[in-house]
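Comments concern the structure below.
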Amino acid sequence: MNRVRLSAATLLAACLSTSLWAQTVEVKNAWARATVQGQKASGAFMTLTAKDGAKLVSASSPVAGVTEVHEMKMEGDVMKMRAVPALDLPAGKAVELKPGGYHVMLLDLKLPLQKDTTIPLTLVFKDAKGVESKSEIKVPVSQMAPAGAAMSHGGHDAHAAHGAAMAAPKGSDAEQITAIMKKQFDRPDAPLAVEPVTVQGNYAVAGWTQGGKGGRALLQKDKGAWFISVCAGDGLKDAKVLQTTGMSADAAAAMAKAVVAAESKLSKDKLKQFASFEGMVKIGAEGHGAHGQHQAPAAHKH
Ligand SMILES: [Cu+2]
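Residues in the sequence shown are numbered from 762 upward in steps of one, following this note's numbering.
Have a look at this one:
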């Protein structure tokens, strides 16, 4: 009983602070990306409008061990992500937090973010006088931006973010996939080797090694172009895990079998390298590729 009352009171406080803040910083179209099993990081997106100007200085959520405000930027061909100390919200201007741009990064997730649930998120703003205020919101979890959120830019982002995958495809599927992975992860001082590439319909699993580390990538073909959707280790030769990425049971079983067969000639050492990628990082069509660096700094360290 007490507990019920307490949570009702907390909810009331949350609603109050949200509505108070709605006057100064309006939060619209908030959503957080659903995660797959084992994924430890995700992003939350929204549109913020500060009537009199403010800064988003921090964020927190009980579902994440660490919550940061991030920006993503192209540096040359590489999408890079970094934490920013504060995000400027100029007076009256709608600032979009969206895949491929600014976002609230949820790290060290304590539980998977499940589609059609909500997560609590606290945003801390600082006004022009330096006065801090909090806004507590409930963020719906979904696989993609809700209608109306960043729609006008959505397609654009997808192109900019995974330009490699969108480039006119040339060569066989395996050649295209190797090229996409190299474009994203190859470095002069740490060359990336991609092999074997196992293609099953519109899905492919590619093994990769780089500087003693390695892993497997799951790729998907969309409108004739491949993109990397998940980075993982042994999970990508496991039918059950493959199914969590959205594959049908049959497709997952066929893929797992084909990957094991394709890798049967490889050395034990190479298989160990593939297995060394811990966890599972969903990259997704918006090219949040840089997130892989949070999850597996050792594996994808650049
Ligand atoms: Cu991030």
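Note that CB positions come from ideal geometry on N, CA and C, so glycine has one too.
By the Cβ criterion, the stretch 891-908 is not in contact with the stretch 826-834, since fewer than three pairs of Cβ atoms, one from each stretch, lie closer than 8 Å.
In the DSSP secondary-structure assignment, F1035 is not bridged to any residue. Assignment of A935 by DSSP, reduced to helix, strand and coil, places it in the helix class. Check the Cα spacing between K998 and each of K944, S1009, A1013: the tightest is with A1013.
DSSP places Q904 outside any alpha helix (DSSP H), giving it a letter other than H or E. The C-alpha of A993 is placed about 20 Å away from the C-alpha of M842.
Taking a C-beta distance under 8 Å as the contact criterion, G968 and F1038 do not qualify as a contact pair. Here M866 carries a strand assignment [DSSP, helix/strand/coil].
Counting C-beta atoms within 10 angstroms of its own C-beta, V1020 has 16 or more neighbours from the protein chains shown and is therefore classed as buried. Here the alpha carbon of A965 sits roughly 13 Å from the alpha carbon of A1000. In the three-state reduction of the DSSP assignment, A802 falls in the coil class. V1020 carries a helical assignment under DSSP once its states are collapsed to helix, strand and coil. One Cα belongs to F806, the other to L884, and the distance between them is close to 12 Å.
L848 sits in a strand when the DSSP states are folded into three classes. In terms of side-chain proximity, the C-beta atom of M842 is found nearer than 7 Å to a non-hydrogen atom of ligand 1.
DSSP, reduced to helix, strand and coil, places L882 within a strand of the structure shown. One alpha carbon belongs to S819, the other to V830, and they sit about 7 Å apart.
Judged by DSSP secondary structure, L1003 falls within the alpha helix (DSSP H) whose first and last residues are 1000-1004. As computed with DSSP, K816 is found in a beta bridge with D849, K887. Within the DSSP bridge table, the entry for T828 names L867 as partners. The closest CA to that of V991, considering only S803, D813, K1029, is found on S803. In this structure, G804 has its CB closer than 7 Å to one or more heavy atoms of ligand 1. Rounded to the nearest angstrom, the gap between the Cα atoms of S933 and K871 is 41 Å. Excluding its 5 nearest sequence neighbours in each direction, A1015 has C-beta neighbours in its own chain below 8 Å: Q961, listed in chain order.
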